[in-house]
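Peer 1:
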Amino acid sequence: MRVAVVGAGVSGSAAAALLSRAGLTVKLLDMSPRYVKPCGEVVPAETLGHAERCGLPRPPLVEPISSFVFVDASRSTVRRFDFGYPVWYSIDKGGWVEALQAQAGGVEARPVRSPERLAREAKLDLVVDARGPFGGRGVRIPVWRAYTRNTGLDAAVLVFHGSRLGFAWAFPHGDSLNIGAGFLGVREPRSLGLRLLHRAFQLLSLKPPDDGLRGAYSLVTVLPSLDLGSPRLPRVGEAAGLIYAPGGEGIRPALLSGCALAQAYTREEDVERAFRRYLGAVQPLVDEVRVARLALLAAAPAAGLVPRLLESASPRYVEAWLSGRIYRVKLLLEAFLGSALRVEGRGGEERLEPR
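For the record, in the sequence shown the residue sitting at position 345 is 1200 according to this note's numbering, with numbers rising by one throughout.
1) Write down the C-beta distance between tryptophan 999 and glycine 961 rounded to the nearest angstrom, noting that I regard them as a contact closer than 8 angstroms.
2) Judging by CA-CA distance, which residue of Val952, Leu916, Arg889 and Arg965 is the nearest neighbour of alanine 900?
3) Which residues in the same chain as valine 1141 place their Cβ atom closer than 7 angstroms to its Cβ, once the five residues preceding and following it in sequence are excluded?
4) Please go through the same chain and pick out, in chain order, the residues whose beta-carbon is closer than 6 angstroms to the beta-carbon of alanine 1001, but skip the five residues on each side of it.
5) Roughly how many whole angstroms lie between the Cα atoms of serine 868 and leucine 903?
6) With distance defined between alpha-carbon atoms, name the residue in Gly1017, Tyr1120, Asp980 and Leu1088 nearest to phenylalanine 925.
7) If distances are taken between C-alpha atoms only, which option among Glu971, Gln956, Arg935 and Leu1110 comes closest to alanine 1011?
8) Under the three-state reduction of DSSP, which class applies to phenylalanine 1056: helix, strand or coil?
9) Using C-beta distances below 7 angstroms, list every residue in its chain close to leucine 1061, excluding the 5 sequence neighbours before and after it, in chain order.
10) Following the continuous beta strand (DSSP E) through isoleucine 1034, name the residue where it begins and the one where it ends.
11) How many whole angstroms separate the CB atoms of proline 988 and leucine 1074, which I take to be in contact at a CB cut-off of 8 angstroms?
12) Looking at the unbroken alpha helix (DSSP H) that takes in isoleucine 1106, where does it start and where does it end?
13) Going by CA-CA distance only, name the one from Ala877, Arg913 and Ser1085 that's closest to arginine 1249.
14) Taking the beta strand (DSSP E) that glycine 993 belongs to, which residues open and close that run?
15) Cβ of glycine 990 within 9 angstroms of Cβ of glutamate 1093?
16) Any idea what DSSP makes of serine 1169, helix, strand or coil?
17) Please say whether alanine 977 and alanine 870 have beta carbons closer to each other than 9 angstroms?
18) Are the region 936-948 and the region 1022-1041 in contact at 8 angstroms, needing three or more beta carbon pairs?
19) Near valine 1137, which residues of its chain fall below 6 angstroms by C-beta distance, leaving aside the five closest residues on each side in sequence?
20) If we ignore side chains and look at the alpha-carbon of each, how far apart do alanine 1147 and valine 1077 end up?
21) Given that a residue counts as buried once 16 or more other Cβ atoms are within 10 Å of its Cβ, and exposed if not, what is arginine 968?
22) Identify the continuous alpha helix (DSSP H) that holds proline 888 and give its terminal residues.
23) Based on Cα-Cα distance, which residue from Gln1118, Val1144, Val1173 and Gly1135 lies nearest to arginine 908?
24) By the DSSP assignment, the alpha helix (DSSP H) with glycine 950 in it spans what residues?
25) Quick one: using the 10 Å Cβ neighbour count with 16 as the cut-off for buried, is proline 970 buried or exposed?
26) Considering leucine 1134, what are the terminal residues of the alpha helix (DSSP H) in which it resides?
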């Protein structure tokens, strides 16, 4: 089978590495020979096990993150969670993706606008669309990211704005901080993100980031339309709409979908059966993306409610949200019903201990 994988991010590189290892002739194509996508560079802790079970190297770890701070800048409120064990890891995402690319035999710098046309002209048996936001469908927003020196922050910080759906972040990354921001309806998130981070750092009695930070930009799909493609033109990762809408977390679903596709197409010779196997394997991701999209649509008319829900939510819900497990209906109902009652001043103050 002759295969091309278009897009050399996490999902495409993982799929190409595993397909190559299985003996298929694979070309990994991308518009750039070097991986560049500014993002928060954090993953849920369970992502490490996912990589190992797929037979891929774990991402290089920079720092475990076990403490989280939620700040509502419009109300000057702060809530901190200390779990006592890593819930996230800050990773060297670029180094990890380059290692996956090397296992796939490297990247050919070649922009591809139409995977369908590539399949037809190159007479390929399979073309995998892994072009991230450039191949996906849905609402895309610009995201800004920069690095600055860490002056004492020991927790991941998420800062919300009362009238905008989205957030700014500051994540420990070794001696540095990975900071950034993205908001629905905001074309240039840098200035708003820096204002929110300044307010949060003041509330935390820390030196705020330098206003002169330039950083870099990327796109993230926040209201994805699911499209897993077709048997000879399957889609993976963000190109398929597999991105966790409330937080923009896409590394874990990218890895899982890339692995699922490779396993399906190496275990089945018939592409129709392989595609059906792939669809079945990613159904849990599809379910979680659908529920996350509904949660985001429900929150959009009242963006200020999101930080208030997190402010009063139980530790178990917060851990599930941080780990990308919000699709579990019991936790979702607990958060959006129980916490909403507490915000309105009704109901008890029962707290659930973290698992």
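Heads up, the beta-carbon is just placed ideally off N, CA and C, and yes, glycines get one too. For clarity, every value in this text was computed on a predicted model and none was experimentally measured.
Peer 2: Taking the definition as stated:
1) Position 144 of the sequence shown, counted from the first residue, corresponds to residue 999. Position 106 of the sequence shown, counted from the first residue, corresponds to residue 961. Actually they do not touch by this definition, with Cβ atoms about 30 angstroms apart.
2) Residue 900 sits at position 45 when you count from the first residue of the sequence shown. The residue among Val952, Leu916, Arg889 and Arg965 with its C-alpha nearest the C-alpha of alanine 900 is Leu916.
3) Locating residue 1141 in the sequence shown gives position 286, counting from the first residue. The residues are Leu1081.
4) Against the sequence shown, residue 1001 aligns to sequence position 146. Excluding sequence neighbours, alanine 1001 sits near Ile1034, Leu1068 and Gly1070.
5) Taking the first residue of the sequence shown as position 1, residue 868 is located at position 13. Taking the first residue of the sequence shown as position 1, residue 903 is located at position 48. Going from the Cα of serine 868 to the Cα of leucine 903 covers about 16 angstroms.
6) Taking the first residue of the sequence shown as 1, we reach residue 925 at position 70. The option with the nearest alpha carbon to phenylalanine 925 is Gly1017.
7) In the sequence shown, counting from the first residue as 1, residue 1011 sits at position 156. The option with the nearest alpha carbon to alanine 1011 is Arg935.
8) Here residue 1056 refers to the residue found at position 201 when the sequence shown is read from its first residue. In the structure shown, phenylalanine 1056 sits in a helix (DSSP, three-state: H, G or I).
9) On the sequence shown, position 206 is the one that residue 1061 refers to. Thr1006, Gly1007 and Leu1008.
10) Against the sequence shown, residue 1034 aligns to sequence position 179. Judged by DSSP secondary structure, isoleucine 1034 falls within the beta strand (DSSP E) whose first and last residues are 1031-1038.
11) Reading the sequence shown from its first residue, position 133 is the one you call residue 988. Reading the sequence shown from its first residue, position 219 is the one you call residue 1074. Contact holds; Cβ gap of about 4 angstroms.
12) What you label residue 1106 is simply residue 251 of the sequence shown in a count that begins at 1. Isoleucine 1106 -> alpha helix (DSSP H) spans 1106-1122.
13) An answer regarding residue 1249 cannot be provided, because it is not within the stretch 856 to 1210 covered by the chain.
14) For the purposes of this step, residue 993 is taken as residue 138 along the sequence shown, with counting starting at 1. Unbroken beta strand (DSSP E) run through glycine 993: 992-1004.
15) If you number the sequence shown from 1, residue 990 lands on position 135. If you number the sequence shown from 1, residue 1093 lands on position 238. Going by C-beta atoms, glycine 990 is nearer than 9 angstroms to glutamate 1093.
16) Translated into the one-based positions of the sequence shown, residue 1169 becomes position 314. Coil.
17) Counting from 1 along the sequence shown, the entry for residue 870 is found at position 15. Counting from 1 along the sequence shown, the entry for residue 977 is found at position 122. No, these two residues do not count as a Cβ contact at 9 angstroms.
18) yes
19) By 1-based counting over the sequence shown, the position of residue 1137 is 282. Once the five neighbours on either side are set aside, the close Cβ partners of valine 1137 are Ser1112 and Ala1115.
20) By 1-based counting over the sequence shown, the position of residue 1147 is 292. By 1-based counting over the sequence shown, the position of residue 1077 is 222. Looking at the two C-alpha atoms, the distance is approximately 10 angstroms.
21) Sequence index remark: in the sequence shown, residue 968 carries index 113 (1-based). Burial call: exposed.
22) On the sequence shown, residue 888 is found 33 positions in, with the first residue counted as 1. First-last for proline 888: undefined, no H or E at that position.
23) Taking the first residue of the sequence shown as 1, we reach residue 908 at position 53. Here the closest residue by C-alpha is Gln1118.
24) In the sequence shown, the residue the question calls residue 950 occupies position 95. 948-958 is the span of the alpha helix (DSSP H), which, as asked, contains glycine 950.
25) Along the sequence shown, read from residue 1 onward, the residue named residue 970 stands at position 115. Answer is buried; the Cβ neighbour count reaches 16.
26) For the purposes of this step, residue 1134 is identified with residue 279 of the sequence shown, where counting begins at 1. Run containing leucine 1134: 1126-1136, per the alpha helix (DSSP H) assignment.
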